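Only one structure is covered here, and it is reproduced in the block below.
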Amino acid sequence: PPPVNPGHDQAQSAAGVLDARSAQADALVRKALDDLGRQPLSEIMDQTARVLEDMCIREAYGQCNHDLGATADLLGLELDELSKRLTFFERKT
Numbered sequence: 015p016p017p018v019n020p021g022h023d024q025a026q027s028a029a030g031v032l033d034a035r036s037a038q039a040d041a042l043v044r045k046a047l048d049d050l051g052r053q054p055l056s057e058i059m060d061q062t063a064r065v066l067e068d069m070c071i072r073e074a075y076g077q078c079n080h081d082l083g084a085t086a087d088l089l090g091l092e093l094d095e096l097s098k099r100l101t102f103f104e105r106k107t
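According to the working numbering, the sequence shown is numbered sequentially starting from 15.
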């Protein structure tokens, strides 16, 4: 039989992905700081910006009770753009 609440299951799945990414984002920030002086500053800046964007998206997603549409509205993004950014972060892990 189909799930009783497929939207809820999708939200829980997405929340799990974003929670796991929190630890990864923290590790990336630590790595960026460790790389100071060993990598070009432009590369460190790009990595740091991606990590901060990911953290902001995760925070907004939680504030919006794991509703992607509401998250996109809160961040001033189109839903398609938010989806692309989430896909970008998933590929980086």
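From the three backbone atoms N, C-alpha and C, an ideal C-beta is built for every residue, glycine too. Given the structure is predicted, the values throughout are model-derived calculations rather than measurements.
Counting along the chain, L66 sits inside the alpha helix (DSSP H) bounded by residues L55 to Q77.
Residue L47 holds the alpha-carbon nearest to the alpha-carbon of M59 among N79, L47 and T85. The beta carbon of V65 sits closer than 7 Å to those of A39, L42 and V43, all from its chain and outside the five residues before and after it, given in chain order. If you draw a straight line from the Cα of L88 to the Cα of L50, it comes to about 33 Å. DSSP places L50 in the strand class (E or B) of the three-state scheme. When only Cα atoms are considered, L93 and R99 end up about 10 Å apart.
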